[in-house]
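Student:
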Amino acid sequence: LVAVRDEDGTVLGTVTGVDHQALFSDPEAGSSLWTLAVDPAAPLPGVGGALTRSLADLYRGRGRAYMDLSVA
Numbered sequence: 121l122v123a124v125r126d127e128d129g130t131v132l133g134t135v136t137g138v139d140h141q142a143l144f145s146d147p148e149a150g151s152s153l154w155t156l157a158v159d160p161a162a163p164l165p166g167v168g169g170a171l172t173r174s175l176a177d178l179y180r181g182r183g184r185a186y187m188d189l190s191v192a
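Residue 121 is where the sequence shown starts when you use the numbering used here, and the numbers rise one by one after that.
1. For D177, name the three-state secondary structure that DSSP assigns.
2. Apply the 10 Å Cβ neighbour rule to R180 and answer buried if 16 or more other Cβ atoms are within range, or exposed otherwise.
3. Check for me: the alpha helix (DSSP H) holding A192 runs from which residue to which?
4. Could you name the residues of the same chain whose beta carbon sits closer than 6 Å to that of D146, not counting the 5 residues immediately before and after it, in chain order?
5. Buried or exposed, going by whether 16 or more other CB atoms sit within 10 Å of the CB of G166?
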């Protein structure tokens with residue numbers, strides 16, 4: 121998913137997820153948030169939170185049981 125500013129199409133941030141069930145037929149029907157990046161100069165607060173919620177909503181709508189997050 122990509123967040124862009126409506127006025128000019130500037131990319132503000134992106135999030136990448138993996139659907140475990142679609143990728144490897146996960147019997148637990150899970151998903152993962154793999155990467156989240158937000159432009160530190162983004163003029164709007166909450167871009168990362170909005171992207172994370174959107175990804176969670178997407179997977180919830182697909183019937184995924186959970187979304188895990190790994191932090192390194």
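Cβ coordinates follow ideal geometry from the N, Cα and C atoms, glycine included.
Tutor: Walking through what the data contain:
1. On the sequence shown, residue 177 is found 57 positions in, with the first residue counted as 1. D177: helix per DSSP, three-state reduction.
2. Here residue 180 corresponds to residue number 60 of the sequence shown, with the count starting at 1. By the neighbour-count rule (16 or more Cβ atoms within 10 Å), R180 is not buried but exposed.
3. Your numbering for residue 192 matches position 72 in the sequence shown. Here A192 belongs to no alpha helix (DSSP H), and DSSP marks it neither H nor E.
4. To locate residue 146, count along the sequence shown from 1; it is residue 26. If we look at D146 and ignore the five residues flanking it on each side, its Cβ neighbours are H140.
5. Within the sequence shown, residue 166 is the residue found at index 46, counting from 1. Answer is exposed; the Cβ neighbour count stays below 16.
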